[in-house]
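J.:
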Amino acid sequence: MSDTTGKLLVDAIRLSNNARPPVWFMRQAGRYHSHYRALRKEHSFERICRTPALACEAALGPIRDFDFDAAILFSDILFILEAMGMDLAFSDAGPKLGRLLENAAAVARLRTGDAVIEKLSFQAEAARLVRRQLPPEKTLIGFAGAPLTLFFFAAAGSHKGEAVKRAVGIAASGALEPFLAVVSELLLDVMKMQADAGADVFALFDSCAGDIPEIQYSAMVMPALKKLISRFKSERPDTNVIYYAKGLSKSLLEEAALCGADCIGIDDTHDLPSVLISQEGKVSIQGNFSPQQMLLPPGVLEPVLRAWLARTQKVPASARKGWVCGLGHGVLPGVPEENVRLFLRLQRAVLGTC
Ligand code: CP3
45 MSDTTGKLLV DAIRLSNNAR PPVWFMRQAG RYHSHYRALR KEHSFERICR
95 TPALACEAAL GPIRDFDFDA AILFSDILFI LEAMGMDLAF SDAGPKLGRL
145 LENAAAVARL RTGDAVIEKL SFQAEAARLV RRQLPPEKTL IGFAGAPLTL
195 FFFAAAGSHK GEAVKRAVGI AASGALEPFL AVVSELLLDV MKMQADAGAD
245 VFALFDSCAG DIPEIQYSAM VMPALKKLIS RFKSERPDTN VIYYAKGLSK
295 SLLEEAALCG ADCIGIDDTH DLPSVLISQE GKVSIQGNFS PQQMLLPPGV
345 LEPVLRAWLA RTQKVPASAR KGWVCGLGHG VLPGVPEENV RLFLRLQRAV
395 LGTC
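With this note's numbering, you'll find the sequence shown wraps up at 398, consecutive numbering, no jumps.
#1: Is the Cβ of VAL344 closer than 8 Å to any Cβ of chain B?
#2: Under a three-way DSSP split, which group does CYS369 fall into?
#3: Over the uninterrupted beta strand (DSSP E) stretch that includes LYS140, give me the two end residues.
#4: For a test of the three-state rule: what should DSSP assign to VAL67, helix, strand or coil?
#5: Just to confirm my understanding: we take LEU52, look at its own chain, exclude 5 residues before and 5 after, and list those with CB closer than 8 Å. What are they?
#6: Report all residues from its chain with a CB closer than 7 Å to the CB of PHE249; omit the five preceding and five following residues, and keep chain order.
#7: Could you tell me whether the segment 375–394 touches the segment 265–274, using the rule of 3 or more Cβ pairs below 8 Å?
#8: Starting from the C-beta of ALA211, find all residues in its chain whose C-beta is less than 6 Å away, skip the five residues before and the five after it, and write them out in chain order.
#9: On a Cα-Cα basis, can you pick out the residue from PRO267, VAL344 and LYS277 that is closest to GLN336?
#10: Once the 5 residues before and after ASP312 are set aside, which same chain residues still bring their CB inside 6 Å of it?
#11: Evaluate ILE259 with the Cβ neighbour count: other Cβ atoms within 10 Å of its Cβ, from every protein chain shown; 16 or more gives buried, anything less gives exposed.
#12: Quick check: what's the CA-CA separation for ALA137 versus ARG350?
#13: Helix, strand or coil for VAL384? Go by DSSP, reduced to three states.
#14: Would you mind stating whether PRO267 and ALA148 have Cβ atoms separated by less than 8 Å?
#15: Beta-carbon within less than 6 Å of ILE107's beta-carbon, same chain only, minus the 5 sequence neighbours each way: which residues are those?
#16: Using a Cβ-Cβ cutoff of less than 7 Å, which residues in the same chain neighbour VAL379 once the five nearest sequence positions on both sides are dropped?
#17: Rounded C-beta distance between ALA247 and ILE286? I'm assuming under 8 Å.
#18: Here's the rule I'm using: 16 or more other beta-carbon atoms within 10 Å means buried, otherwise exposed. How should LEU104 be labelled?
#19: Cβ of ARG355 versus every heavy atom of the ligand CP3: is any distance shorter than 7 Å?
#20: When DSSP builds the beta bridges, which residues end up paired with PHE118?
Rendered as structure tokens:
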């Protein structure tokens, strides 16, 4: 009897993939892709997200055009903040939150409970549609922002430049811990909602993991994350969890690897072969080709990509069973489609016989 599920991504996350490593990209449905740009000509980003048939079309476009091994729900991590009572608008300049969190007292005024989850039901509808149309061997990934990253956006509206200072200051003033508790309670329900609608795997994106002082990450962020993941896993044991942690030092990454997620997504500052070897048999690893290098002209990218794939092929097969192949962050808007096609073609050619 086989202990595999027939889904490459799920098998890899469960450390039991003996076939080619699965591949998917964060932001695989995005502005680099002519299919997405055509949808955006007709509709706003928000309308695509909130209209299940359009969100389904956006999620399936990259599967049809590039044959990724997984589709990711088309949505955004910030809708939960809007449902909690913070104004949100998306423009070409990016998302903008109308009112930002000032202190712990403001956390207590945020909306909570079932009413928040009901406002996010468009995500479940979209997930249901995608799962129905996706071939059975492909995985559907549901997602949300990790508690800390949602704090950064709630407190500072962004995680770039001055915003980081503002968020770190508000965290230190005592607002972080209560926010993590309130948002985790809601995230648990969002995770269950998407899993029940057909998400095979759930990704928590912690794009701001490296932006908080390490001591607070260990003392506050990790315990909240561990609690959330363990509650989810005890209630939905068949749905695996990916934790994407951007910007962590080597030692914090080792700590994050123990958060209870089945797979840890790493950024491109880490040496993938070393991480795969050190985590063999413990946790699945996702990553981590450089998103910036995906902007190179195809002729320059090809040898770089071949060298990267060849290095991972030198990793013992036992340590590669848990590898999810992808980028260290999202696909950037200017990446040529030809490069995405090249990545998938070479990935299959070089690693196809693993
Ligand atoms: O294909 C996919 O990966 C699915 C959809 C997806 C989006 N956002 C769609 C999107 C996912 C997984 C996200 C996650 C997300 N959203 C994160 C975590 C991952 C990361 O990027 O670090 C964060 C921090 C956000 C918040 C957000 N949404 C920002 C900062 C921006 C503006 C900057 C940018 O990259 O465009 C968005 C807008 C957004 N979310 C777009 C898309 C396709 C662009 C919308 C458009 O203008 O058409």
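Every residue, glycine too, gets a C-beta built ideally from N, C-alpha and C.
T.: The relevant details are as follows:
#1: No chain B is present in this structure, which holds just one protein chain.
#2: If DSSP states are grouped into helix, strand and coil, CYS369 belongs with the strands.
#3: Going by DSSP, LYS140 is part of the beta strand (DSSP E) stretching over 138–141.
#4: Three-state result, VAL67: strand.
#5: Closer than 8 Å at Cβ, skipping near neighbours: ASN61, ALA63, ARG64, PRO65, PRO66, ASP113, GLU181 and THR183.
#6: Sequence-distant partners of PHE249 (beyond 5 residues in either direction) whose C-beta falls short of 7 Å from its own C-beta, in its chain, are ILE121, PHE187, GLY189, ALA190, THR193 and TYR288.
#7: Output reads no: the segment 265–274 does not touch the segment 375–394.
#8: Excluding positions up to five away in sequence, the list reads PHE196, ALA199 and ALA200.
#9: Comparing Cα positions, the closest option is VAL344.
#10: Spatial neighbours of ASP312 in its own chain (CB-CB distance under 6 Å, excluding positions within 5 residues in sequence) are listed in chain order as ASN332, SER334 and GLY372.
#11: Its Cβ having fewer than 16 others within 10 Å, ILE259 is exposed.
#12: A direct Cα-to-Cα measurement between ALA137 and ARG350 gives close to 35 Å.
#13: Here VAL384 sits in helix by DSSP.
#14: For PRO267 and ALA148, no; Cβs fall outside 8 Å.
#15: Cβ within range, chain order: ALA115.
#16: Closer than 7 Å at Cβ, skipping near neighbours: TYR76, MET338 and LEU339.
#17: Confirmed, Cβ separation roughly 4 Å.
#18: LEU104 comes out buried.
#19: Checking the Cβ of ARG355 against the ligand CP3 gives no.
#20: Secondary-structure assignment with DSSP links PHE118 through no beta bridge to anything.
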